[in-house]
Structures are given as C-alpha cells and as structure tokens.
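Note that our numbering has the sequence shown beginning at 4, numbered continuously upward. Even glycine gets a Cβ: it sits at the ideal position worked out from N, Cα and C. Keep in mind the model is a prediction, meaning the values are calculated, not measured. See below for the structure under consideration.
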Amino acid sequence: MAAALASSPLVHLSTSRLRLPRPRASSSSAPGCSIGVCLGWRLKVGWRALRRCDRLRCFSTDGDGVEEGEKRGEEEASATAAPAPDPAPAETQNPGVSSEPPLLSFSVDNIDTVKLLELLGPEKVDPVDVMAIKEKLFGYTTFWLTKEEPFGDLGEGVLFIGNLRGKREEIFAKLQRQLRELAGEKYNLFMVEEPNSEGDDPRGGPRVSFGLLRKEVSEPGPTTLWQYVISLSLFLLTMFSCVELGIASKISSLPPEIVSYFTDPNSTGPPPDMQLLLPFVESALPVAYGVLAIQLFHEIGHFLAAFPKNVKLGIPFFIPNFTLGTFGAITQFKSILPDRKTMFDISMAGPVAGAALSFSMFFVGLLLSSNPVGASDLVEVPSQLFQGSLLLGLISRATLGYRAMHAATVSIHPLVIAGWCGLTTTAFNMLPVGCLDGGRALQGAFGKDALFGFGLTTYSLLGLGVRTPEKPCLNDVSDIGGWRRTALIASVFLVVLTLIPLWDELAEELGVGLVTSF
Numbered sequence: 004m005a006a007a008l009a010s011s012p013l014v015h016l017s018t019s020r021l022r023l024p025r026p027r028a029s030s031s032s033a034p035g036c037s038i039g040v041c042l043g044w045r046l047k048v049g050w051r052a053l054r055r056c057d058r059l060r061c062f063s064t065d066g067d068g069v070e071e072g073e074k075r076g077e078e079e080a081s082a083t084a085a086p087a088p089d090p091a092p093a094e095t096q097n098p099g100v101s102s103e104p105p106l107l108s109f110s111v112d113n114i115d116t117v118k119l120l121e122l123l124g125p126e127k128v129d130p131v132d133v134m135a136i137k138e139k140l141f142g143y144t145t146f147w148l149t150k151e152e153p154f155g156d157l158g159e160g161v162l163f164i165g166n167l168r169g170k171r172e173e174i175f176a177k178l179q180r181q182l183r184e185l186a187g188e189k190y191n192l193f194m195v196e197e198p199n200s201e202g203d204d205p206r207g208g209p210r211v212s213f214g215l216l217r218k219e220v221s222e223p224g225p226t227t228l229w230q231y232v233i234s235l236s237l238f239l240l241t242m243f244s245c246v247e248l249g250i251a252s253k254i255s256s257l258p259p260e261i262v263s264y265f266t267d268p269n270s271t272g273p274p275p276d277m278q279l280l281l282p283f284v285e286s287a288l289p290v291a292y293g294v295l296a297i298q299l300f301h302e303i304g305h306f307l308a309a310f311p312k313n314v315k316l317g318i319p320f321f322i323p324n325f326t327l328g329t330f331g332a333i334t335q336f337k338s339i340l341p342d343r344k345t346m347f348d349i350s351m352a353g354p355v356a357g358a359a360l361s362f363s364m365f366f367v368g369l370l371l372s373s374n375p376v377g378a379s380d381l382v383e384v385p386s387q388l389f390q391g392s393l394l395l396g397l398i399s400r401a402t403l404g405y406r407a408m409h410a411a412t413v414s415i416h417p418l419v420i421a422g423w424c425g426l427t428t429t430a431f432n433m434l435p436v437g438c439l440d441g442g443r444a445l446q447g448a449f450g451k452d453a454l455f456g457f458g459l460t461t462y463s464l465l466g467l468g469v470r471t472p473e474k475p476c477l478n479d480v481s482d483i484g485g486w487r488r489t490a491l492i493a494s495v496f497l498v499v500l501t502l503i504p505l506w507d508e509l510a511e512e513l514g515v516g517l518v519t520s521f
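Set out below in structure tokens:
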C-alpha cells in the first residue's frame, strides 16, 4: 500500500520520504491538525471529505506511538517565539536552489493507510448510531440480531443478520418508522435476502437481513448542468437521425448518385452534393415525427407510472441511430425505489406505451397501404426489408397479401415505417440487459441473480458490453405476483419474435420478397 501511495500523483516524494508544502498559518485551521501533517488540508478529496473536515486527524506516528503532527506543532510553536534571522542576500544564496518555503516530510512507512482510506472513502455509518439501533430497534419481537457484516459496494454500511420474528413486510415497516424517529432522515434501511443462507425462512420465502447505509451514499445524486447539456445534444442528434431515416425511406425517388454513394461499397467517386437532399426533407417529416412521437410516448409512460409512487426520474438520454432513427433513451432513477414491484411497473410502463403506439401506427399504415385512395401518399421500399422481422413480416404478409409482398418493391404508407422502427426499438429496450427496461423489469420480477444469468446469455448472443444492474430497492425481497411475471415472459416471447428475421426458405414459401433475386 505504501508503494501505491508513493506513486500517487496527489503527493510529491523524494526517495523514501513523502514531502508536502508547509501550510500557511491560519486561525481557522481544523482542531487537532495544527500545522502538522494532515492530508485533509492538502488532498482534494471532494465535497464529502470537506464535510468531514472537523473529523480530520493527523495520522502519521513515530516509533513511540506519539502523533508526529503534534510533535512538529510543538517544535514549530517554540521556533516562532525566537526572532527569525534575516534572509541571506540574493548573491549569497546557492544557485539552483528554490527559494520556496521548506517542505514538511515524513516517512511513508509510518502512514496509517487505514485512516487514509477512511478519509478518502465514502461516508460510513456512525458506530454510535449502530449501537443505538441495535438496542432500540432489534429485539425478540422484531428481529433477533446474531451478527453484523459490512454492507454496500465499499463496505460503508452495516448488514444486520439474524432471525425474523414476524411477517417481513410488517417488521420492515416498523423498523423503518422507528429508524426515522431515532435518526431522522440520516439513513436508509434495506431489507435484502440473507447472503449465503443455508435455507428458507420457516414462515416461507427467503431469509432476510437488514442493511444500513447513509442517505448520501445510497441515493442517486442530482442531475448536473453537464448532464442537461449532453441530454439536449443527444436529442438534437436524434431529431437529425429521424429526419435522415425519413429521407432514406424515399430511396426509390432519391438522386441516383446519392443512392449509389451510400449503398455501393465499391463507390470511389467524390461525395455527391448533399444539397440535393433538401427538397426531400419536407416529405421525410411524417416518418421523423412518427418515430419521435413513439419515443416521447415511451418516456411519458415511465413518468406516468413513477408519479403516483413518488419516484423521481432523471432526464432521458436519447441514443441516435441512422437505421431506426433512435435506439430509444436511457432514463435514470433519481430516487431510491421502495420495492421491486415499483421497479417492475415503472420499467414496463415505457415499453408498453411505446409498443402500443408503435403497433397502432404500424397496423393503420398497413391498412392505408392497401387502400387505393391514399396511393399518392405511399412510398416504395425494397420488399427485403420485411424479411428483417418474423412477427412483423408475417403481419405485413397477412394484411397486404401475396401479390403485394412477392415483388422487388412494396408500396407502403409512412406510418408503417414509423411503427416498424418503433416496435424494433422497443424490442431492443426489452432485452434483459443491465439498466435497459427489460433488465430492470427482470430484476424486479426475479431478482438480481436472475438478471445476471439472463444478461450473460444476452451478452454472449449479441456481443453486448457489460452493463451493471440497478441498485437494490429498499424492500428487495417481497414478491411481485404471478401475473406480472407472466406478462414479462409474454413480452420476452414477443421480443424474440420481433428481432428474429425471416429465414430464406420461409420467406420464399410465404412470398415475403423475392429471395432468389438477391
């Protein structure tokens, strides 16, 4: 550890000595630090460390166990009583030697690294509060405490392990109420499954434990100005990508040189004049508006589900994509979730809202595509596009018929394109991966362990990067009910049907596109 600290850019080392600039004398110095060696005065440890400046102490000790900071404070206090000698003339000073004030130094071997890590780490639970909680909250009528373990990502909390003495929901509500009466809004209490449990609870369900964390550690932070800037920039890029999708839907009427430049991999000529696309922008707006409306409706679904449960959501970060217009958006939870049922409901509300609007657009667009009255509003797209989804291709074939689909191009209404892209984007968002809607819903329905297994399978099949799950809910144990699990399983089945393409044999048999022509 000493070697790691010695290589840190936060301090300056000379051979085996750690050297820090001498602090300026100040009447507002932290008590107990004097002008001794106190890293809290020198290191930039963030706002949490600054809030604990009154707890900073000198942590370097000599061989006798006496704090070196106190020794140096006494020595320098006596030194200041004597008159300071006049500084040497400039011509008598040694050349090449800095005229800065001398540096304090101490041995790296004498650093108490445990205290240093405590200083730099997150806010920990106060041991005095832990003793009060053990005495006043737990007992033979609520939860019989047997042992304690570290809790949290960095062990900054306490996990109370023992035996439950009643119904878990009733006991948990009682403990939460008593904790607020005892410590105010200082801590969050979590009910989680007991780690390494040898069996289930005799009353049914898993054995539970209670974790304690400070609120500033366990709750999400506020949205920063930089995040607002990023969100707005991504939304503007998404608008541009949606317009680009609308222009691409007019591929049959675009200038040949532009189509060739973007579709022919062997094209080596100079790039075409993009101003040739300006006349097509207005006709591309219906598709762009449709795709944006679906994504906004998706986000509104999240917010409508979160509002009655007093859950705050962050601003959405849209992900532009030039194939589908957008890959959806990532919306963060800005308050801690009360239970897994709330996580499931909020996570599923967005995809359900987006899928409902997407399918409405898709189906109405198919009906308008088969109506000769609106032929002037139709656009021609390659029939091969309908082979990209098993479910949507079969619905299109059943609605438009064999003659319309078994051709090189198919005339469709722009709503079909918007609905198709919306359903595909919703399916991607329902994948059981990390903080996607599908991952959150799976975590709420079956727990974090199930999400890890499904997520690992998804990573292997799709080559996705690792994404971390959501933080646990306050009540991370209670069941969400059978009908919610059934709804999730049905949703995953529809997602698979949407993302699996039509294979050539089935496409040829159903007449979806001219397979032999490609």
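Comparing C-alpha positions only, which one of the options sits nearest to residue i?
i      : options                           : result
Gln387 : Glu151, Val515, Phe193 and Lys344 : Val515
Val195 : Glu222, Leu185, Gly165 and Thr271 : Gly165
Leu397 : Ile503, Asn478, Pro130 and Leu235 : Ile503
Lys2   : Val246, Val128 and Phe362         : With the chain represented from 4 up to 521, any question about residue 2 goes unanswered, as that position is not in the structure.
Asp156 : Ala135, Lys150, Gly169 and Glu126 : Glu126
Ser350 : Arg171, Val382 and Phe310         : Phe310
Gly357 : Leu228, Ala421, Gly249 and Lys150 : Ala421
Phe366 : Leu403, Asp380 and Asp203         : Leu403
Phe362 : Trp423, Thr144 and Pro475         : Trp423
Leu491 : Trp506, Ala510, Gly441 and Pro475 : Gly441
Thr334 : Val499, Thr489 and Ser234         : Ser234
Val131 : Thr144, Val161 and Phe154         : Val161
Met242 : Val290, Pro198, Val376 and Ile339 : Val290
Ile318 : Ser200, Leu237, Ser244 and Pro385 : Leu237
Gly158 : Gly214, Val499 and Arg487         : Gly214
Trp229 : Phe320, Phe163, Gly368 and Pro258 : Phe320
Within 10 Å of its beta-carbon, does residue i have 16 or more other beta-carbons around it, so buried, or fewer, so exposed?
i      : result
Phe146 : buried
Leu216 : buried
Arg400 : buried
Asn374 : exposed
Val284 : exposed
Thr271 : exposed
Glu247 : buried
Gly187 : exposed
Thr501 : buried
Asp203 : exposed
Thr149 : exposed
Ile483 : buried
Leu360 : buried
Tyr231 : exposed
Asp1   : It is not possible to answer for residue 1, since the shown part of the chain is limited to 4 through 521.
Ala411 : exposed
Arg58  : Confidence at Arg58 is low in this model, with a pLDDT of 42, below 50, so the placement of that residue is unreliable and no value is reported for it.
Glu512 : exposed
Glu508 : exposed
What are the partner residues of residue i, as DSSP defines its beta bridges?
i      : result
Thr412 : Pro385
Met3   : No answer is possible for residue 3: the residues shown for the chain start at 4 and end at 521.
Pro153 : Val161
Asn324 : Gly328
Phe336 : Leu316
Asn166 : Trp147
Thr203 : Sequence inspection shows Asp at residue 203; the Thr mentioned does not correspond to that position. Looking at the DSSP assignment, Asp203 forms a beta bridge with Pro209.
Gly357 : For Gly357, which the question treats as bridged, DSSP gives no partner whatsoever.
Asp342 : Asn478
Gly142 : Phe146
*Cβ contact (3+ pairs, closer than 8 Å) linking the region 132–143 and the region 172–189*: Counting Cβ pairs under 8 Å, three or more are found: they touch.
*Determine contact between the region 291–307 and the region 323–341, defined as no fewer than three beta-carbon pairs at a distance below 8 Å.*
yes
*Is the region 412–431 in contact with the region 271–283, if contact means three or more CB pairs nearer than 8 Å?*
no
*Is there contact between the region 438–453 and the region 338–350, where contact requires at least three CB pairs shorter than 8 Å?*
yes
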